[in-house]
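So for the sequence shown, the numbering used here puts the first residue at 34; every next one is plus one.
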Amino acid sequence: MVVPTTGRRSLGATLAALPPDVAVIVVDDRPAGGAALPLPARVRVVRSGGRGPAAARNAGWRAARTPWVVFLDDDVV
């Protein structure tokens with residue numbers, strides 16, 4: 034599962050709604066230098082440097098190690 038984000042407050046609720054056995058990559062698409070996002074330990078973080086949602090999704094699927102990738106926006110519960 035790849036979740037691109039700009040740090041919306043809804044990200045926590047989105048991640049909490051996912052089953053614990055799902056591999057999750059959060060792509061932090063904020064410009065460089067932002068504070069770390071408060072994320073569960075099971076979540077892998079990739080930074081994309083604020084290049085927009087399409088670039089964040091591409092960075093996420095490239096980092097994935099699963100045969101299938103699902104994209105979920107950070108405001109979906």
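A virtual CB, placed ideally from N, CA and C, is assigned to each residue, including glycine.
Note that the region 65 to 73 does not touch the region 92 to 107; fewer than 3 beta-carbon pairs, one per stretch, sit closer than 8 Å.
Here Ala56 has Met34, Arg77, Ala97, Arg98 and Thr99 as same chain residues with Cβ atoms under 8 Å from its own Cβ, once five neighbours each way along the sequence are excluded. As far as DSSP is concerned, Thr47 takes part in no beta bridge. As the crow flies, the alpha-carbon of Ile58 is around 15 Å from that of Ala46.
The beta carbon of Gly83 lies closer than 7 Å to those of Asp62, Arg63 and Pro64 in the same chain, with the five residues before and after it left out.
For Val79, DSSP records a beta bridge to Val60. Val36 is positioned such that its CB atom lies closer than 8 Å to that of Leu105. Looking only at Pro52, Trp101, Pro53 and Gly85, the smallest Cα-Cα distance to Thr39 is reached by Gly85.
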